[in-house]
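Everything below concerns the one structure shown next.
Number of protein chains: 2
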Amino acid sequence: MKSPILFLLLFLSIQFCVLAQEQVQRWDRFEITLAGPQNGNPFTDITLAAEFTLGTEKIRVNGFYDGGGSFKIRFMPQKTGQWKYKTISNSKVLNAKTGSFTCIEPQEGNHGPVQVADTYHFKYADGKRYYPFGTTLYAWTHQPQQLEEITLKTLENAPFNKVRMCVFPKYYSNVENEPEFYPYVKTGETKDSKGKTKFTWDLSRFDPDFFKHLEKRIDDLKTIGIEADIIIFHPYDKGHWGFDSLGKENDLRYIQYLTARLSSFRNVWWSMANEFDYIKTKPRDVWDTYTKAVVAADPYKHLCSIHNGSVYYDNWKPEFTHVSIQNGSTVEDFGRATLLRDVFFRPMIYDEVCYEGDLPQRWGHLSGEEMTAAFWHGVIAGTYVTHGETYKNAGDTIFWAKGGRLIGSSPARIGFLRKILEAAPGPLELADPWKDHQTATADSSYYLVYFGKEIKSEWTFNLPKKAGPRANRKFAVELIDTWNMAITKLPDIFETAEPTDYRIFDKNHKSIRLPARPYLALRIVEVKM
Amino acid sequence: MKSPILFLLLFLSIQFCVLAQEQVQRWDRFEITLAGPQNGNPFTDITLAAEFTLGTEKIRVNGFYDGGGSFKIRFMPQKTGQWKYKTISNSKVLNAKTGSFTCIEPQEGNHGPVQVADTYHFKYADGKRYYPFGTTLYAWTHQPQQLEEITLKTLENAPFNKVRMCVFPKYYSNVENEPEFYPYVKTGETKDSKGKTKFTWDLSRFDPDFFKHLEKRIDDLKTIGIEADIIIFHPYDKGHWGFDSLGKENDLRYIQYLTARLSSFRNVWWSMANEFDYIKTKPRDVWDTYTKAVVAADPYKHLCSIHNGSVYYDNWKPEFTHVSIQNGSTVEDFGRATLLRDVFFRPMIYDEVCYEGDLPQRWGHLSGEEMTAAFWHGVIAGTYVTHGETYKNAGDTIFWAKGGRLIGSSPARIGFLRKILEAAPGPLELADPWKDHQTATADSSYYLVYFGKEIKSEWTFNLPKKAGPRANRKFAVELIDTWNMAITKLPDIFETAEPTDYRIFDKNHKSIRLPARPYLALRIVEVKM
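Protein chains in written order, with UniProt numbering: chain A, 1 to 529; chain B, 1 to 529.
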């Protein structure tokens, strides 16, 4: 949402030394543009940073070369007030530039970056709850503009508030098209004897247009309330461009450049890798180094995780704010999702649990019912689950990689669950973990019981003693059909008795008739008289 | 198995300064006895250690005061040859004593201490495989002698090769008798107005008889091939003796004393605590300190773990050799056990998964079938499970705490499984983890499939492609009835085809009729022609 004044300022930036906004909302982006040297290689020759101060607060951020003699420094103010800054550079024309701006209160729709809350959950910086309901769009920003616009339209009407997306383009089955932009300056393109294209790159020069395009798409997501879970490295290259195996020096320069550009975006999360263990050129100690480099370069400490293939990373390391797991087995039935979560004392996002679709591969052909149940199994256990769609659509825009339109049956049901969770008094936890795999609680006035595939004709009102309500509390029960997306308020009011062993029943052992359908849930809420 | 000569030497120990064996088997115990000062408090006033050398090898071990003016230093030689030693003490009469002994090859039945092997499994130091099949006998060494002897007889005929046992006595429902020995010198015993006994202790003086008794029992276990998983702290005191809350200084002195006495016992494992999180006086950082103290004082690096109540410890910390988990949920059905194991890259022992018995508490009333299935679920997933029995026997000797006789139905079945595992070519792993929850493999010539409660009338020969055999291999199949402990060799020979998607079938898609019973397994072994 750039103002016309900002565009004018950008347009005029060649003629002025320092150009920047005068006012910035809290958690919005402040940007300084400086004209600097174009000779030599500005990417590697010039160092640039700035120190921002407000009272005793002092934050140092890195700048970057944006091409055409233009240097930029970006900053996300986390406190309102008058911020001052001073640049630091090895280039005289960029050094010791000073200025200031006013950070004002955030306006509607700006809740700040998402942070960890209550050990296993999330909140925006302004305190609003954030329950991740993500989807997977690995290569959506490497598609033709028209397709990217369709994807954004789809997301606007979809239930997702997080997108897993790669910086580098993806070369994989169903995703083999060349992107419009590349992260590095291309120095050559030849075909080998087998007709396979061979690229050569100037790895000391980034292509700012690639990053400007990526940034526009991250801002597009922000506008529609979606967090960008930015995958910094991935293995889906296989020698095609070589971006997965550029060596430590180039990788660290890329991390430096990427974090200088993106740290000020409030909806950015860092995902160090997708399937880190499938990138054979990067052993574990390298991941440690890279993760530390990302965290050190990010003064705002955005959420940071690393995603596994078939072997887990050491997710307890202090750089990681949450755990991003691939393992469909954890959400395929009741009570499994919490087993892993409880190890780490951090929020758990099952970021790949297989996808709804019709691919021959077993990771790509969940039914809509299975994908939806995976979400419920995860949420009931106090964890979060990420969606992906792998139907081979007409026009071959497989959503999980390229974006486009969603045709699966799970997104609507996931949206239905999201509404239920957002209407709860707080995040869910298993009430009696390791024993009762079906009953989640937010507090002793709210329980959510999920039956999954199990078809029960009758349910006797009962709640676990652990985290259960006291005696003589009255509860109303709603029958939730998680597949047909219907909520039916039942007429009875139940009153809790003293616990019998490990359960709490209604005083008269009242029960409920249930329809003979799978995927039912019960929402049990205290009636305060 | 002390020789008559050793007894004679011990008998003469008052008149000589240094007494010790001349020959000791590798991994057996060498012991020096020294006469030293009895005045003051020898436990706290005297420091004593010895340095053992063989070639360039130099190992320092702590000594301890054993009462009656007698000081001891114990050493477990891990290399054969001529070891020399020299004592170090702040007491002149104990300092700079020298001597030597010969470490000879181990004799039959001595395989050395158990160590981690192949990331998730165990071996004895001599290379023999060790598959833990443990049981729980928390307070068996705090019982009348006759009962302890019955327990040993029971163990001699039981399938267990590990015992979880507490150093400190246990005060808990079903275990409220006073032991014959206490770890500290008792200075007073009074009854309060409610008739409750109040003890006072001299916490600066250990009672050597308590420890001698414990040591005898550990040696008794060694004689019958059982590892002693020594629980250093536990919460089952509740102010009765106060041993769970003696404060950091006393706790560290106890660790020092215990490790000086027991580190040379080759069948000792350190379990820092049972249900560490239920000992409210010891926060997490204290556990870190204590664990480091144990590991630092143990020159042989015995297996070391910490056992949780309802919250896990940070089991990835470098002091821990394996993971000792309480969580019955992990082995209650297929494929769960590996979820936690895969996090730690260490052997996983589910050391409490509830117990076979008839207590009203839910942790104490598994059926024999459930306990047996828990073992199979664990083993199939490449993990290990520990047994416990909580039937209220005639005479009130509940096995899990006091020992006595086993009356449950699971031990025989656990023994049956142990034999199957020990007959396998190596330790098991899920062949296709996270996807196929039922098929374990040792190598591509050996598969074990477990059906649990599921009753199938027919099984089409199939193995996972992942870790599966090549095409054109011939396999024989045995039907294992895990409950009735019967193995039936089936007449057919199967021949593997090329994989179809993720499975490998017989060339003619042959199948097997199965009896309509639960708890069946299949052992599928390559027939080498």
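Just so you know, even glycine gets a beta-carbon here, dropped at the ideal spot from N, CA and C.
On the three-pair Cβ rule with 8 Å, is the region 370-379 of chain A touching the region 403-414 of chain A?
Under the three-pair Cβ rule at 8 Å, the region 370-379 of chain A counts as touching the region 403-414 of chain A.
For the region 328-356 of chain A, list every residue whose C-beta sits within 9 Å of some C-beta in chain B, in sequence order.
Gly328, Ser329, Thr330, Glu332, Asp333, Gly335, Arg336, Thr338, Leu339, Leu340, Asp342, Val343, Phe344, Phe345
At a Cβ threshold of 8 Å, is Asp506 (chain A) touching chain B?
Along the first sequence, read from residue 1 onward, the residue named residue 506 (chain A) stands at position 506. Answer no: the Cβ-Cβ gap between Asp506 (chain A) and chain B never drops below 8 Å.
Would you mind telling me which residues of chain A sit closer than 8 Å to Asp314 (chain B), beta carbon to beta carbon, in chain order?
As a first step, residue 314 (chain B) is located in the second sequence; it is residue number 314 there, counting from the start. Result: Trp316.
List, in order along the chain, the chain A residues whose C-beta lies closer than 7 Å to that of Tyr502 (chain B)?
In the second sequence, counting from the first residue as 1, residue 502 (chain B) sits at position 502. Here the neighbours are Arg362.
When we look at the beta-carbon of residue 533 (chain B) and count the other beta-carbons within 10 Å, is it buried (16 or more) or exposed?
Because residue 533 (chain B) is not part of the residues shown, which for chain B are 1 to 529, the question remains open.
In chain order, which continuous runs of the beta strand (DSSP E) of length 3 or greater are located wholly inside the region 78-144 of chain A?
81-89, 98-104, 114-117, 121-124, 134-136
Thr119 (chain B) versus Leu428 (chain B): straight-line alpha-carbon distance, rounded:
Counting from one through the second sequence, the residue named residue 119 (chain B) turns up at place 119. Counting from one through the second sequence, the residue named residue 428 (chain B) turns up at place 428. Looking at the two C-alpha atoms, the distance is approximately 12 Å.
Check whether Gly328 (chain B) and Cys354 (chain B) have beta carbons under 8 Å apart
For this step, residue 328 (chain B) is matched to residue 328 along the second sequence. For this step, residue 354 (chain B) is matched to residue 354 along the second sequence. A contact, by the Cβ cut-off of 8 Å.
At least three beta-carbon pairs within less than 8 Å, the region 447-457 of chain B to the region 516-527 of chain B
yes
Does Trp287 (chain A) come within less than 8 Å of chain B when only Cβ atoms are used?
By one-based count along the first sequence, residue 287 (chain A) stands at place 287. For Trp287 (chain A), the closest Cβ of chain B is not nearer than 8 Å.
Measure the alpha-carbon distance for Leu520 (chain A) versus Lys489 (chain A) and round it to whole angstroms.
What you label residue 520 (chain A) is simply residue 520 of the first sequence in a count that begins at 1. What you label residue 489 (chain A) is simply residue 489 of the first sequence in a count that begins at 1. In a straight line, the C-alpha of Leu520 (chain A) is about 13 Å away from that of Lys489 (chain A).
Could you give the distance in angstroms between the alpha-carbon of His142 (chain A) and the alpha-carbon of Glu180 (chain A)?
Within the first sequence, the letter at position 142 stands for residue 142 (chain A). Within the first sequence, the letter at position 180 stands for residue 180 (chain A). Between His142 (chain A) and Glu180 (chain A), the C-alpha separation is close to 7 Å.
Which residue's Cα is closest to the Cα of Asp28 (chain A): A:Ala35, A:Ser89, A:Gly109, A:Gly69?
Here residue 28 (chain A) refers to the residue found at position 28 when the first sequence is read from its first residue. Of the listed residues, the one whose Cα sits closest to Asp28 (chain A) is A:Gly109.
Can you pull the chain A neighbours of Lys92 (chain B), defined as C-beta to C-beta under 7 Å?
Looking up residue 92 (chain B) in the second sequence gives position 92. Correct list: empty, because the minimum Cβ distance to chain A is about 50 Å.
For the beta strand (DSSP E) that contains Val185 (chain A), what are its first and last residues?
Counting from one through the first sequence, the residue named residue 185 (chain A) turns up at place 185. DSSP places Val185 (chain A) in the uninterrupted beta strand (DSSP E) bounded by 184-191.
Taking its Cβ as the centre, do 16 or more other Cβ atoms sit within 10 Å of Lys84 (chain A), making it buried, or is it exposed?
Translated into the one-based positions of the first sequence, residue 84 (chain A) becomes position 84. By the neighbour-count rule (16 or more Cβ atoms within 10 Å), Lys84 (chain A) is not buried but exposed.
Counted within 10 angstroms of its Cβ, other Cβ atoms place Lys222 (chain B) as buried (16 or more) or exposed:
The residue you call residue 222 (chain B) lines up with position 222 of the second sequence. Looking at its Cβ environment, which holds 16 or more other Cβ atoms inside 10 Å, Lys222 (chain B) is buried.
Return no unless some Cβ of chain A is closer than 8 Å to the Cβ of Gly378 (chain B).
For this step, residue 378 (chain B) is matched to residue 378 along the second sequence. For Gly378 (chain B), the answer is no, since every Cβ of chain A falls outside 8 Å of its Cβ.
Buried or exposed: which applies to Thr281 (chain A), given that a residue is buried once 16 or more other Cβ atoms fall within 10 Å of its Cβ?
Translated into positions along the first sequence, residue 281 (chain A) becomes position 281. Classification for Thr281 (chain A): exposed.
By Cβ distance below 6 Å, which residues in the same chain neighbour Pro42 (chain B) in space, the five residues on each side in sequence not counted?
To locate residue 42 (chain B), count along the second sequence from 1; it is residue 42. Cβ neighbours of Pro42 (chain B) beyond the five flanking positions: Tyr65.
With burial defined as no fewer than 16 other Cβ atoms inside 10 Å of the residue's Cβ, what is the status of Met485 (chain B): buried or exposed?
For the purposes of this step, residue 485 (chain B) is identified with residue 485 of the second sequence, where counting begins at 1. Answer is exposed; the Cβ neighbour count stays below 16.
Consult DSSP for Arg517 (chain B) and reduce its assignment to one of helix, strand or coil.
Taking the second sequence and counting its residues from 1, the one referred to as residue 517 (chain B) is at position 517. Coil at Arg517 (chain B), not helix or strand.
Nearest neighbour of Ala431 (chain B), chosen from B:Val343, B:Ile420, B:Pro425, B:Leu448 [CA to CA]
Here residue 431 (chain B) is taken as the residue at index 431 of the second sequence, counted from 1. Minimum Cα distance to Ala431 (chain B) is reached at B:Leu448.
Coarse secondary structure for Gln25 (chain B), derived from DSSP in three states:
Mapped onto the second sequence, residue 25 (chain B) falls at position 25. Note: Gln25 (chain B) maps to strand in three-state DSSP.
Which residue marks the beginning of the alpha helix (DSSP H) containing Tyr254 (chain A), and which one marks its end?
Taking the first residue of the first sequence as 1, we reach residue 254 (chain A) at position 254. Residues 248-262.
Helix, strand or coil for Gly378 (chain B), going by three-state DSSP, please let me know.
Position 378 of the second sequence, counted from the start, is the residue given in the question as residue 378 (chain B). In this structure, Gly378 (chain B) counts as helix in the three-state DSSP scheme.
Does Lys435 (chain A) come within less than 8 Å of chain B when only Cβ atoms are used?
For the purposes of this step, residue 435 (chain A) is taken as residue 435 along the first sequence, with counting starting at 1. Chain B contact via Cβ: present.
Across which residues does DSSP place Cys304 (chain A) in a beta bridge pair?
The sequence position of residue 304 (chain A) within the first sequence is 304, counting from 1. Its beta-bridge partners are A:Trp270.
Counting pairs of beta carbons, one from the region 324-343 of chain A and one from the region 373-382 of chain A, are three or more of them closer than 8 Å?
yes
Indicate whether Gly388 (chain A) and Trp400 (chain A) have their beta-carbon atoms separated by less than 8 Å.
Here residue 388 (chain A) refers to the residue found at position 388 when the first sequence is read from its first residue. Here residue 400 (chain A) refers to the residue found at position 400 when the first sequence is read from its first residue. For Gly388 (chain A) and Trp400 (chain A), yes; Cβs fall inside 8 Å.
To the nearest angstrom, how far is the alpha carbon of residue 531 (chain B) from that of Phe160 (chain B)?
Residue 531 (chain B) lies beyond the range of chain B shown here (1 to 529); nothing can be said about it.
Enumerate in chain order the residues of its own chain whose CB-to-CB distance from Pro235 (chain B) is below 7 Å, with the five nearest sequence positions on each side excluded.
Counting from 1 along the second sequence, the entry for residue 235 (chain B) is found at position 235. Asp244, Glu275, Tyr278, Ile279, listed in sequence order.
What span of residues does the alpha helix (DSSP H) with Tyr49 (chain A) cover, start to end?
Start at 1 with the first residue of the first sequence, and residue 49 (chain A) comes out as number 49. It is Ala, not Tyr, that sits at residue 49 (chain A) in the sequence shown. Where Ala49 (chain A) is concerned, there is no enclosing alpha helix (DSSP H), although the beta strand (DSSP E) it sits in stretches over 48-54.
Is the beta carbon of Asp351 (chain B) sitting closer than 8 Å to the one on Gly63 (chain B)?
Residue mapping note: residue 351 (chain B) aligns to position 351 of the second sequence, counting from 1. Residue mapping note: residue 63 (chain B) aligns to position 63 of the second sequence, counting from 1. No, they are not a contact pair.
Less than 8 Å between the beta carbons of Thr87 (chain A) and Glu105 (chain A), yes or no?
Against the first sequence, residue 87 (chain A) aligns to sequence position 87. Against the first sequence, residue 105 (chain A) aligns to sequence position 105. No, the pair does not count as a contact, with Cβ atoms beyond the cut-off.
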